[in-house]
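Below is one structure, written out as structure tokens; comments come after it.
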Amino acid sequence: MEEGMVGRQVFRATWRSSTVWVVALVGLMALALAAAALGTSRGAWFLGVLALFFGLVAWLLLQPLLSAHPILSVGRDGIGGYLLKGQTIPWSDITDVSHLSVQGQDHLQILLREGAASQAATAGLFRRGLKRGIVLTPLRKAERQPAVQAALQAFQRHATGQALLALNGRLDEARAHEAFEERLRVLTPTPWALYAVIAVNVAVWLLNLFDGMSAMKPESADLFAWGANSATAVVRDGEVWRLLTATVLHGGVLHLALNMFALWDAGRRVCQWFGNGQFLLIYLGAGLTGSALSLHFSSQQAISVGASGAVFGVLGALLVGVYQHRERVPKAMVTQLLTSQGVFVAIMLVQGFARSGIDNAAHVGGLVAGAVLAWVLVELLDERASAAQRRRQQVIALCLVLLMVGGLARTAQPGVDHRQLFESQAVLKDVLPRMRAAEEAFQKDVKAQQAGSMTDAQLIDAMEQRHMPAYREVTRLLGASKTDAATPMLDDLRELYATVLEVMTLEVGKHRGTVDVAQASARQAALSTRLKQINARLKARNP
Numbered sequence: 228m229e230e231g232m233v234g235r236q237v238f239r240a241t242w243r244s245s246t247v248w249v250v251a252l253v254g255l256m257a258l259a260l261a262a263a264a265l266g267t268s269r270g271a272w273f274l275g276v277l278a279l280f281f282g283l284v285a286w287l288l289l290q291p292l293l294s295a296h297p298i299l300s301v302g303r304d305g306i307g308g309y310l311l312k313g314q315t316i317p318w319s320d321i322t323d324v325s326h327l328s329v330q331g332q333d334h335l336q337i338l339l340r341e342g343a344a345s346q347a348a349t350a351g352l353f354r355r356g357l358k359r360g361i362v363l364t365p366l367r368k369a370e371r372q373p374a375v376q377a378a379l380q381a382f383q384r385h386a387t388g389q390a391l392l393a394l395n396g397r398l399d400e401a402r403a404h405e406a407f408e409e410r411l412r413v414l415t416p417t418p419w420a421l422y423a424v425i426a427v428n429v430a431v432w433l434l435n436l437f438d439g440m441s442a443m444k445p446e447s448a449d450l451f452a453w454g455a456n457s458a459t460a461v462v463r464d465g466e467v468w469r470l471l472t473a474t475v476l477h478g479g480v481l482h483l484a485l486n487m488f489a490l491w492d493a494g495r496r497v498c499q500w501f502g503n504g505q506f507l508l509i510y511l512g513a514g515l516t517g518s519a520l521s522l523h524f525s526s527q528q529a530i531s532v533g534a535s536g537a538v539f540g541v542l543g544a545l546l547v548g549v550y551q552h553r554e555r556v557p558k559a560m561v562t563q564l565l566t567s568q569g570v571f572v573a574i575m576l577v578q579g580f581a582r583s584g585i586d587n588a589a590h591v592g593g594l595v596a597g598a599v600l601a602w603v604l605v606e607l608l609d610e611r612a613s614a615a616q617r618r619r620q621q622v623i624a625l626c627l628v629l630l631m632v633g634g635l636a637r638t639a640q641p642g643v644d645h646r647q648l649f650e651s652q653a654v655l656k657d658v659l660p661r662m663r664a665a666e667e668a669f670q671k672d673v674k675a676q677q678a679g680s681m682t683d684a685q686l687i688d689a690m691e692q693r694h695m696p697a698y699r700e701v702t703r704l705l706g707a708s709k710t711d712a713a714t715p716m717l718d719d720l721r722e723l724y725a726t727v728l729e730v731m732t733l734e735v736g737k738h739r740g741t742v743d744v745a746q747a748s749a750r751q752a753a754l755s756t757r758l759k760q761i762n763a764r765l766k767a768r769n770p
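Throughout, my numbering is defined as the position within the sequence shown, counted from one, plus 227.
Right, dumping it as structure tokens:
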């Protein structure tokens with residue numbers, strides 16, 4: 228902050244503000260998306276558009292730091308700032324100045340009087356009405372509160388009449404806000420449905436721990452065994468229950484904590500607005516729809532777990548409920564909820580598209596389902612609705628859930644066979660040490676023979692005494708695997724070791740004179756071709 232002429236207080240942007248870190252993060256996201264777009268042909272245009280969007284956002288965020296105009300200036304003659312196009316709005320043109328905090332970001336909101344000359348002078352592409360905003364993020368954190376106080380005190384000192392009217396208006400709004408909150412508490416005294424949902428999610432995570440799963444990063448195979456979502460398991464094997472069980476499983480304590488944190492505030496609101504029963508319908512309907520949409524995307528290749536689809540459904544329901552009743556709800560609450568929750572949803576969706584490993588299909592499916600269900604259901608706030616009307620709308624909502632989930636699940640195609648994959652991995656986990664030991668021992672002796680430190684006769688003896696028994700045991704273990712499903716990877720490995728074993732047997736036979744040399748050599752040539760084919764298949768499955 229600096230003192231200007233006539234006691235004017237000036238607050239300038241600084242490179243030590245959090246805006247710099249945001250610009251750096253958004254810029255890096257733009258570069259990463261651009262690199263991804265150049266490195267792939269599939270969806271390159273979409274990644275390019277996203278890169279351009281994030282690049283533009285970074286550039287716009289950077290502008291206050293490069294501008295000569297201060298972020299905020301207040302004095303006897305009025306208020307000015309970068310987002311006011313460098314103009315100073317006289318206090319006579321202002322009817323109110325208020326402080327807003329959205330997702331921890333401080334803003335000043337200025338309300339102009341109708342017909343004020345400053346309305347046209349400060350208008351912009353997104354500033355056509357009477358409201359003007361000043362974002363304080365480019366200031367150092369320690370300067371933001373003094374900037375807010377300076378603006379509010381200057382408004383009270385130099386715009387006495389308007390300030391008094393604004394204060395009375397805020398008092399009336401505060402009374403309306405408290406009356407509205409009390410009405411919600413009467414309609415839904417206890418949001419027991421929210422508590423029950425959180426308790427179930429936490430209880431399942433604790434059961435996972437007791438079962439031996441990792442608290443931070445559980446194995447995919449363990450999550451699948453507990454009911455993770457998988458397109459093949461649901462579509463081909465008919466395990467439709469996974470659409471529900473996947474919503475109460477989480478990929479670690481951080482995943483669980485983030486989902487429950489996001490659910491807590493929005494969930495309380497939705498419970499109050501719609502009632503506990505309808506909250507459960509929204510939550511479960513959104514969760515199932517998100518899981519069903521995931522069958523077409525994320526669950527094709529990887530397993531999917533988490534309550535985020537249901538949480539996005541609750542957020543969507545809250546946004547729709549607020550919008551539908553915006554005339555009955557206190558304006559400050561409407562602005563706060565639509566802005567804060569809307570920004571949160573947008574950030575989470577963008578993050579889901581920008582980062583790998585996030586099931587954004589479940590997020591989108593849950594969000595759309597929650598919004599649709601909220602539009603159909605009757606909120607408790609609507610006291611004009613009869614009990615019969617509420618039941619009819621609930622039946623319609625339930626039918627919509629069945630249609631959405633059933634339609635999405637029915638049209639999905641099988642993807643990666645996760646059961647087969649995890650069973651193969653389990654077998655390999657047990658056999659892999661023996662496989663590595665057998666291969667390393669054999670390759671060591673082959674290299675020794677090629678280097679001249681081992682004779683041909685010694686290598687043949689080593690094959691008979693050590694290597695052939697080791698390869699025979701590995702082949703037996705691979706053949707004795709407990710999996711019932713067809714496992715091409717294991718089949719290839721069995722064939723690989725059996726083929727190598729046959730090659731060694733023929734080589735020993737040629738050396739001992741127990742087989743026809745010409746026939747054995749021809750057979751070895753055919754086996755060499757087969758080995759190349761097997762290795763190519765294994766490489767394709769594990770690129």
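Note that beta-carbon positions come from the ideal geometry of N, C-alpha and C, so glycine has one too. Bear in mind that the values here come from a model prediction, so they are computed numbers and not experimental data.
Alpha carbon to alpha carbon, what distance is there between residue j and residue i?
i           : j           : result
residue 539 : residue 251 : 28 Å
residue 432 : residue 670 : 46 Å
residue 500 : residue 376 : 35 Å
residue 673 : residue 731 : 12 Å
residue 622 : residue 490 : 25 Å
residue 288 : residue 249 : 8 Å
residue 531 : residue 629 : 21 Å
residue 728 : residue 744 : 17 Å
residue 594 : residue 382 : 41 Å
residue 614 : residue 471 : 29 Å
residue 311 : residue 293 : 16 Å
residue 651 : residue 717 : 6 Å
residue 459 : residue 468 : 13 Å
residue 244 : residue 236 : 19 Å
residue 541 : residue 423 : 15 Å
residue 497 : residue 504 : 11 Å
residue 450 : residue 461 : 15 Å
residue 493 : residue 512 : 16 Å
residue 644 : residue 456 : 12 Å
residue 507 : residue 265 : 44 Å
residue 305 : residue 340 : 14 Å
residue 535 : residue 510 : 10 Å
Is it buried or exposed, residue i, if we count other Cβ atoms within 10 angstroms and call 16 or more buried?
i           : result
residue 713 : Per-residue confidence for residue 713 stands at a pLDDT of 49, beneath the threshold of 50, marking its modelled position as unreliable; the derived number appears in the next sentence. The residue in question, residue 713, is exposed, as its Cβ has fewer than 16 Cβ neighbours within 10 Å.
residue 238 : buried
residue 298 : buried
residue 601 : buried
residue 438 : exposed
residue 760 : exposed
residue 642 : buried
residue 276 : exposed
residue 273 : exposed
residue 201 : Because the chain spans 228 through 770 in this model, residue 201 falls outside it and cannot be assessed.
residue 646 : buried
residue 726 : buried
residue 488 : exposed
With DSSP collapsed to three states, give me the class of residue i.
i           : result
residue 444 : coil
residue 646 : helix
residue 362 : strand
residue 680 : coil
residue 585 : coil
residue 316 : strand
residue 476 : coil
residue 605 : coil
Do residue i and residue j have their CB atoms nearer than 7 Å?
i           : j           : result
residue 371 : residue 379 : no
residue 697 : residue 653 : no
residue 320 : residue 350 : no
residue 735 : residue 700 : no
residue 607 : residue 414 : yes
residue 604 : residue 620 : yes
residue 325 : residue 336 : yes
residue 429 : residue 475 : no
residue 257 : residue 278 : yes
Comparing the C-beta of residue i with each C-beta of chain E, is any distance below 7 Å?
i           : result
residue 610 : Checking the listed chains, one finds no chain E in this structure; it contains a single protein chain.
The stretch 625 to 644 contacting the stretch 516 to 526, beta-carbon criterion three pairs below 8 Å: yes
Inter-stretch contact (C-beta, 8 Å, three-pair minimum) for the stretch 535 to 553 and the stretch 654 to 664: no
Contact between the stretch 470 to 485 and the stretch 443 to 452 (3+ Cβ pairs under 8 Å): yes
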